[in-house]
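Working notes, beginning with the structure itself.
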Amino acid sequence: KLHSDLDKGVGTVKYTLSGDGAGTVFTIDETTGDIHAIRSLDREEKPFYTLRAQAVDVDTKKPLEPESEFIIKVQDINDNEPRFLDGPYIASVPEMSPVGAYVLQVKATDADDPTYGNSARVVYSILQGQPYFSIDPKTGVIRTALPNMDREVKEQYQVLIQAKDMGGQLGGLAGTTTVNITLTDVNDNPPRFPKSIFHLKVPESSHVGSAIGRIRAVDPDFGKNAEIEYNIVPGDGGNLFDITTDENTQEGVIKLKKPLDFETKKAYTFKVEASNLHLDHRFHSVGPFKDTATVKINVLDMDEPPVFNKPIYTMEVYEDTPVGTIIGAVTAQDLDAGSSSVRYFIDWKNDVDSYFTIDATEGTISTNELLDRESTAQYNFSIIASKVSNPLLTSKVNVIINVLDVNEFPPEISVPYETSVCENAKPGQVIQIITAADKDLSPAGQRFSFKLSPEASNKPNFTVQDYRNNTAGIETRRNGYSRRQQELYFLPIVIEDSSYPVQSSTNTLTIRVCRCDSDGTIQSCNVEAIFLPVGLSTGALIAILLCIVILLVIVVLYVALRRQKKKDTLMTSKEDIRDNVIHYDDEGGGEEDTQAFDIGALRNPKVIEDNKIRRDIKPDTLRFPRHRPPAEDNTDIRDFINQRLKENDADPSAPPYDSLATYAYEGNGSVAESLSSIDSLTTEADQDYDYLSDWGPRFKILADMFGEESYDPDKVT
């Protein structure tokens with residue numbers, strides 16, 4: 001309620017309210033100044049409100065007093081129950097834990113004012129889960145209430161927790177939550193076999209390493225606490241078997257370590273021990289964490305292949321043993337109850353196996369071909385044995401045959417030696433160490449002996465010193481050697497072996513005499529070096545050879561140039577009549593003019609190709625000559641001229657026929673026809689030379705000489 005001292009109660013004062021919540025949460029009576037709440041208040045939503053009030057004159061609307069501020073505080077009541085904000089809870093605790101073992105702490109929150117009354121004072125209690133667990137009323141810590149809770153008996157527990165305000169008094173508000181508690185496993189239980197004896201039946205044909213049976217011990221624990229290790233207790237038959245643990249099923253897998261044989265032993269009995277791998281020392285007092293069971297294995301009889309009495313057979317035979325000689329035998333037996341006969345045969349894989357044969361019934365092995373140790377020293381093949389009653393049941397064994405050596409090859413020098421001796425060698429000087437080799441397989445203790453052949457013993461040049469360790473040394477016996485007298489020495493050496501019969505061979509060692517310096521270092525062993533001056537170096541020899549080669553080249557070039565010059569001279573000689581053929585069937589400068597036509601075309605056909613244009617002048621008048629029969633005695637000339645005419649007819653760039661002139665034959669192609677009588681068959685009287693007068697003034701003299709007038713030699717000038 002608001003009241004101003006200026007308010008006389010006559011209605012002249014008006015009260016106004018402003019601020020937080022004015023008009024929405026609170027309202028004021030303008031006449032009396034009473035403040036009312038117009039809706040419910042929630043302390044948890046807003047704990048206080050700040051308001052401003054003022055008294056105003058009704059008539060003037062002016063404030064009668066300054067504005068005053070006041071706070072309205074909301075008083076708390078217990079209208080909120082405790083709440084578990086993190087619930088429901090999940091917790092775990094090891095089984096067999098003692099009383100009071102910590103499990104979990106829960107916490108409830110109350111929204112009421114903790115500073116006013118007991119509205120926010122919370123107390124915890126268990127509504128469900130007793131007598132296994134307890135809770136602290138103030139802190140909310142949950143602990144175990146019973147000892148030795150066993151996971152194998154009960155693993156899961158659900159506990160209902162209540163939180164109540166007002167200190168747990170009557171009328172207080174309460175909230176609940178659930179806590180799911182799991183007992184974790186500890187190794188508090190040993191493994192136990194469900195039965196004391198396990199019976200297994202195993203075929204005798206089972207392979208080594210195969211699983212022949214499974215046994216299982218039960219452990220109620222969980223996880224690694226339930227892991228079991230199985231072991232065979234030493235005793236009867238335990239060395240034939242082994243046992244391992246299947247990690248997925250925790251079963252003991254019994255495996256075979258050695259082959260079983262029904263005919264040898266039909267049953268085996270041994271004990272198996274099962275124990276935990278991870279022990280808990282807190283439970284040692286309970287007893288040993290292991291258990292034992294007996295395993296009995298009965299071996300089942302199976303139809304088995306024959307068995308050889310040896311895993312491998314090794315035999316020996318001398319080379320060159322006659323074909324058909326027995327060198328050994330193999331034996332296989334059928335160990336089954338109804339013993340069956342056995343047949344033998346060689347497992348053919350390659351041609352090597354054909355050197356031997358085997359008796360199918362007795363199993364004896366004999367040679368089928370002659371053996372040569374130097375070709376093959378050892379044979380390795382397989383023999384197969386099968387049961388007659390069941391040929392599909394077979395077994396195999398390896399046979400190794402070593403071919404023994406017969407001393408048939410003599411020893412020889414192992415490698416070709418290049419032996420040399422210095423010209424200045426002294427007597428007793430070792431110039432070569434030699435060794436020997438024998439193609440035969442040398443037995444232990446065999447040795448080779450070295451000596452000179454009888455014919456070489458009388459010559460005092462070299463000797464052989466046997467060192468008796470399969471080596472020998474070649475020693476000099478002279479004081480110096482001369483290459484000029486003898487460059488090569490051939491030393492025959494006899495080598496013998498110690499086998500029976502003794503084999504020997506004569507080997508020739510070639511010794512070359514070389515020039516050496518004072519220290520014995522070889523300088524030259526060439527034959528040519530003997531005839532060269534002692535002081536001439538290698539560089540000087542090379543220079544001399546180069547000079548000789550240069551002189552030879554100069555001589556060859558000089559001779560070649562001389563021959564070429566002589567050939568050119570012959571070709572240009574004036575005695576060649578073909579170069580003197582003069583062309584005169586033109587208006588040239590007379591008989592001295594030889595430039596009108598290159599007469600070389602008659603001599604060389606290829607020259608025609610270079611003559612592309614004609615260098616003379618055609619006659620003004622063309623007249624076809626009279627054809628006269630050729631002379632019988634001019635066949636060679638006719639053939640030559642005809643060949644040239646054909647070549648020029650086919651070549652459009654060749655000069656015309658009438659440009660060809662020769663002293664021997666003018667040719668039929670000339671306008672003037674032939675001017676000679678080489679191919680004329682008639683006499684001068686029979687010939688008609690009237691056409692000469694048609695050729696112009698240049699041929700007037702000829703026309704007068706050969707015209708119709710009788711020929712008078714006195715009138716010719």
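Heads up: the sequence shown runs through residues 1 to 717, numbered per the UniProt record's numbering. Glycine included, every Cβ here is placed at the ideal spot set by N, Cα and C.
Pick from the options that is closest to residue i, judged by C-alpha positions
| i | options | result |
| --- | --- | --- |
| D519 | C422, I161 and E30 | C422 |
| H36 | G21, K46, P47 and D704 | G21 |
| T376 | D405, S382 and D76 | D405 |
| T176 | P191, P234 and K107 | K107 |
| T115 | P137, I142 and I77 | I77 |
| D517 | T510, N469 and C525 | C525 |
| V122 | K387, A163 and D86 | A163 |
| R216 | G209, H207 and H199 | H199 |
| Q465 | I434, G100 and D438 | I434 |
| T508 | Y230, N648 and E455 | E455 |
| D112 | E45, D221, Y89 and K138 | E45 |
| R515 | R484, P98 and L557 | R484 |
| S420 | V403, Q486 and Q446 | Q486 |
| V494 | K265, L488 and S505 | S505 |
As assigned by DSSP and simplified to three states, the class of residue i
| i | result |
| --- | --- |
| G428 | coil |
| G168 | helix |
| K387 | strand |
| Q162 | strand |
| P98 | coil |
| Y89 | strand |
| S366 | strand |
| Y355 | helix |
| K224 | helix |
| A211 | strand |
| N380 | strand |
| N648 | helix |
| G238 | helix |
| R373 | coil |
| F706 | coil |
| K201 | strand |
| S340 | coil |
Exposure of residue i, with buried meaning 16 or more beta-carbon neighbours within 10 Å
| i | result |
| --- | --- |
| E319 | buried |
| N239 | exposed |
| G480 | exposed |
| L51 | buried |
| I542 | exposed |
| T717 | Here T717 scores only 38 on pLDDT, less than 50, and its place in the model should not be relied on; the value that follows carries that caveat. The residue is exposed, with fewer than 16 neighbouring Cβ atoms inside 10 Å. |
| E304 | buried |
| F48 | exposed |
| N458 | exposed |
| S68 | exposed |
| V415 | exposed |
| T476 | buried |
| A560 | exposed |
| P460 | exposed |
| N309 | exposed |
| L2 | buried |
Sequence-distant residues of the same chain with beta carbon closer than 7 Å to residue i, five excluded per side
| i | result |
| --- | --- |
| S4 | V13, A55, L64 and E65 |
| N368 | V323, S354, Y355, F356 and T357 |
| A472 | I434, F450, V464, Q465 and D466 |
Sequence-distant residues of the same chain with beta carbon closer than 6 Å to residue i, five excluded per side
| i | result |
| --- | --- |
| D7 | V13 |
| P94 | T184 and V186 |
| G324 | S366 |
| M302 | P203, E204 and S205 |
| G117 | none |
| A211 | V253 and K255 |
| I312 | N398 |
| S125 | Q162 |
| G9 | none |
Nonlocal neighbours in the same chain, by C-beta distance under 8 Å from residue i, ignoring five residues either side
| i | result |
| --- | --- |
| Q130 | A145 |
| Q158 | Q128, G129, T178, V179, N180 and I181 |
| A267 | K296, I297, N298 and V299 |
| G19 | Y49, T50, L51, R52 and E69 |
Closer than 7 Å: residue i CB and nearest the ligand ADP heavy atom
| i | result |
| --- | --- |
| G539 | This structure lacks the ligand ADP; in fact it carries no ligand of any kind. |
Practice task
May I have a chain-ordered list of the beta strand (DSSP E) segments no shorter than 3 residues that lie completely inside the UniProt domain "Cadherin" (4 to 84)?
Solution key: 13 to 19, 26 to 28, 35 to 37, 48 to 57 and 68 to 73
Handout entry: Start-end ranges of the beta strand (DSSP E) lying completely within the UniProt domain "Cadherin" (413 to 531), minimum 3 residues
Key = 419 to 422, 430 to 437, 449 to 452, 462 to 466, 471 to 476, 488 to 496, 504 to 516 and 522 to 524
Exercise for the section: Note down, one range per segment and in chain order, each alpha helix (DSSP H) of at least 4 residues found wholly within the segment 255 to 338. Expected result: none
Practice task
Any chance you could list the beta strand (DSSP E) runs of at least 3 consecutive residues sitting entirely within the segment 115 to 189, in chain order?
Solution key: 123 to 128, 133 to 135, 141 to 144, 156 to 164 and 174 to 184
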